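The structure appears right after this line, and notes come after that.
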Amino acid sequence: MYEAARKPLAKLALTGGGRCNFTNSFGGISSLREAYPRGEQIMKRALRFFDNRDCMEWFEAEGVPYVVQDDGCVFPESQDAMQIVGTLVTLMRKTGVRLVTGHRVEDAAVLMKDSDAVVVTTGGGAIGLLKSLNIEIVLPVPSLFTFRINDGKLGSLMGTVIDNAVLGIAGQPFRSCGTLLITDWGMSGPAALKLSSYAARYLAEKEYRVPVVVNWTGLSEEEAKGRIACLNAENQGKMICSTTFPGLTSRLWRFLVCRAGIPEGCRWSSIGRKSVNRLLSVLTADEYSMSGRCSFREEFVTCGGVAITEVNLSTLQSKKYPGLYFAGEILDIDAVTGGFNLQAAWSTAMVVARSL
Ligand SMILES: Cc1cc2nc3c(=O)[nH]c(=O)nc-3n(C[C@H](O)[C@H](O)[C@H](O)COP(=O)(O)OP(=O)(O)OC[C@H]3O[C@@H](n4cnc5c(N)ncnc54)[C@H](O)[C@@H]3O)c2cc1C
1 MYEAARKPLA KLALTGGGRC NFTNSFGGIS SLREAYPRGE QIMKRALRFF
51 DNRDCMEWFE AEGVPYVVQD DGCVFPESQD AMQIVGTLVT LMRKTGVRLV
101 TGHRVEDAAV LMKDSDAVVV TTGGGAIGLL KSLNIEIVLP VPSLFTFRIN
151 DGKLGSLMGT VIDNAVLGIA GQPFRSCGTL LITDWGMSGP AALKLSSYAA
201 RYLAEKEYRV PVVVNWTGLS EEEAKGRIAC LNAENQGKMI CSTTFPGLTS
251 RLWRFLVCRA GIPEGCRWSS IGRKSVNRLL SVLTADEYSM SGRCSFREEF
301 VTCGGVAITE VNLSTLQSKK YPGLYFAGEI LDIDAVTGGF NLQAAWSTAM
351 VVARSL
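The opening residue of the sequence shown carries number 1 in my numbering; numbering runs sequentially from there.
Put into structure tokens, the structure is as follows:
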């Protein structure tokens, strides 16, 4: 095994903020596509060989007990990524794998001349070693980032957490639901990260300058209209700002009422139809201009890589070059956060191992 870095599995040591979110219970997703915006087809097959339960059992059998969080993320019980790294390195030694660190492979074709099989697992975007081969590459672009939004007023909400937000891009079909976090630079949290994954290629094409639409309530327009009507009926004498919309903090509610152009002292009894419509629009389809992307705890994955059409889906062997295999992020597979990306690496590696 040739490894360009001085230490093996250095990136794995950093995963999950040093805790290694190595797989997921898959309980929180309704379809594989929700977790894998790219590579769903390969993952469907690869998970048949080695799925998340197999992965948890495998690590447990190797002496790594695990914990499954409420959100489905799976970590080693030790909460230490180095335990996963240590386990894999020890196994390599035990099974006689010769590990050559500090050795960058410049051209996979050269290795292929002297080998029965070559497995390329160089990760996202590391495709330089394929340059002399006729392999179709889907242009690599980043995924899993947060949104820079230059809006001083939004910045005043810094630290606000919205549990059931829906994020989208105006005029586009991409949607993500979940927790949204307002930061001093813009939007973060699972809802933003998921949208960055679903729309990774579109966002790259638009140079990360698109109108982002926020539904702060997670409700349909009809439902939100009903809630406003209830608030109106129950609080006629009260000021709109000092009531609260179910599920929103009073700070966010005040901000949105102001954004809808409703004066601070306005009472429910004097709100007009136009103001109700503006409030409804701000609650369910509030638009902000994204002006760039920011990293999330330095975590990212690459969307793109070796085109799925280049490999036999059952073996992950190259269709053009017998004996050449691919596994992990180098393939055009990537997922949302939550342990799904490492599961893709384990599952595809297992497919290749069995093929070999
Ligand atoms: C900071 C961070 C945190 C993350 N946290 C999580 C998480 O908690 N859970 C999760 O599911 N996913 C996480 N991810 C994503 C996950 O780490 C990757 O999807 C996964 O590591 C991909 O595995 P891989 O083996 O395909 O590639 P990599 O882990 O990138 O490994 C590729 C290896 O190949 C080596 N290499 C590259 N080119 C050459 C060459 N020419 N010759 C020799 N060696 C070469 C590299 O040095 C590297 O060691 C995180 C990513 C980052 C950046």
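From the three backbone atoms N, C-alpha and C, an ideal C-beta is built for every residue, glycine too. Keep in mind that this is a model prediction, so the values were computed, not measured.
**OP:** For alanine 88, collect the residues of the same chain with a Cβ closer than 7 Å to its Cβ; drop the 5 residues on either side in sequence, then sort them by chain order.
**Re:** Before going further, note that residue 88 is leucine rather than alanine in the sequence given. Residues Leu9 of the same chain have their beta carbon placed closer than 7 Å to that of leucine 88, with the five preceding and five following residues left out of the count.
**OP:** Could you pull the start and end residues of the alpha helix (DSSP H) that proline 393 belongs to?
**Re:** Because the chain spans 1 through 356 in this model, residue 393 falls outside it and cannot be assessed.
Subject >> Bridge-paired residues (DSSP) for isoleucine 169 >> reply: Val212
Original post:
Should leucine 91 be listed as close to ligand 1, given that the test is whether its C-beta is under 7 Å from any heavy atom?
Top reply: Answer for leucine 91: no, Cβ out of range of ligand 1.
Original post:
Leaving out the 5 sequence neighbours to the left and right, which residues in its chain are closer than 8 Å to leucine 313 when beta-carbon positions are compared?
Top reply: Listed in chain order, the non-local C-beta contacts of leucine 313 below 8 Å within the same chain comprise Gln41, Ile42 and Arg45, local neighbours out to five positions each way being set aside.
Subject >> leucine 324, buried or exposed, once every other Cβ within 10 Å from all chains shown has been counted against 16 >> reply: buried
Original post:
Shorter than 8 Å from the beta carbon of isoleucine 308 to some beta carbon of chain D?
Top reply: Among the chains of the structure shown, chain D does not appear; only one protein chain is present.
Original post:
At a cut-off of 7 Å, is threonine 87 close to ligand 1 when judged by its beta-carbon and the heavy atoms of the ligand?
Top reply: no
**OP:** Please state whether DSSP places serine 220 in a helix, a strand or coil.
**Re:** coil
**OP:** Find the nearest neighbour of tyrosine 36 within the set Arg354, Val352, Leu331 and Ala349, judged by alpha-carbon distance.
**Re:** Leu331
Original post:
Of the choices Val301, Ala353 and Ala108, whose alpha-carbon is the least far from that of phenylalanine 145?
Top reply: Of the residues Val301, Ala353 and Ala108, the one whose Cα lies closest to the Cα of phenylalanine 145 is Val301.
Original post:
From what residue to what residue does the alpha helix (DSSP H) around valine 110 run?
Top reply: Start and end: 108-113.
Original post:
alpha helix (DSSP H) containing proline 190: first to last residue?
Top reply: Annotation: the continuous alpha helix (DSSP H) that includes proline 190 extends over 190-198.
**OP:** Could you name the residues of the same chain whose beta carbon sits closer than 7 Å to that of threonine 244, not counting the 5 residues immediately before and after it, in chain order?
**Re:** Ser250 and Trp253
Original post:
According to DSSP, is aspartate 80 helix, strand or coil?
Top reply: coil
**OP:** Consider the C-beta atom of valine 105 and the heavy atoms of ligand 1; say whether any pair is separated by less than 7 Å.
**Re:** The answer is yes for valine 105.
Original post:
For the candidate residues Gly152, Thr315, Gly261 and Val306, whose alpha-carbon lies nearest to that of methionine 290?
Top reply: Gly152
**OP:** Classify tyrosine 202 as helix, strand or coil using the three-state DSSP reduction.
**Re:** helix
**OP:** Grab me the residues of serine 25's own chain with a C-beta within less than 6 Å of its C-beta, minus the 5 sequence neighbours each way, in chain order.
**Re:** Short of 6 Å from the beta carbon of serine 25, and not among the five residues preceding or following it, lie these beta carbons of its own chain, in chain order: Val68 and Gly72.
Original post:
Less than 7 Å between the CB of leucine 324 and some heavy atom of ligand 1, yes or no?
Top reply: no
Original post:
Could you check where the beta strand (DSSP E) with glutamate 287 kicks off and where it finishes?
Top reply: 286-289
**OP:** Within its chain, find whatever has a CB closer than 7 Å to the CB of phenylalanine 147; leave out the 5 residues flanking it on each side and keep chain order.
**Re:** Gly186, Met187, Ala192, Val212, Met290 and Arg293
**OP:** Ignore the nearest five residues each way along the sequence and tell me which others in threonine 309's own chain have a CB closer than 6 Å to its CB.
**Re:** none
Original post:
Would the C-beta of lysine 11 count as close to ligand 1, meaning under 7 Å from any of its heavy atoms?
Top reply: yes
Original post:
Closer than 7 Å: is that where the CB of glutamate 310 sits relative to any heavy atom of ligand 1?
Top reply: Checking the Cβ of glutamate 310 against ligand 1 gives no.
Original post:
Leaving out the 5 sequence neighbours to the left and right, which residues in its chain are closer than 7 Å to leucine 99 when beta-carbon positions are compared?
Top reply: The beta carbon of leucine 99 is closer than 7 Å to those of Met1, Glu3, Pro8 and Met92 in its chain, skipping five residues each way along the sequence.
Original post:
What do you reckon, is the C-beta of threonine 146 under 7 Å from a heavy atom of ligand 1?
Top reply: Ligand 1 never approaches threonine 146 closely enough for any of its heavy atoms to be under 7 Å from the residue's Cβ.
Original post:
What are the start and end residues of the beta strand (DSSP E) that includes glycine 178?
Top reply: 175-182
Original post:
Relative to the alpha-carbon of glycine 304, which residue among Lys94, Leu180 and Ala200 has its alpha-carbon at the smallest distance?
Top reply: Ala200
Original post:
Would you report the Cα separation of valine 214 and leucine 231, rounded to the nearest angstrom?
Top reply: 22 Å
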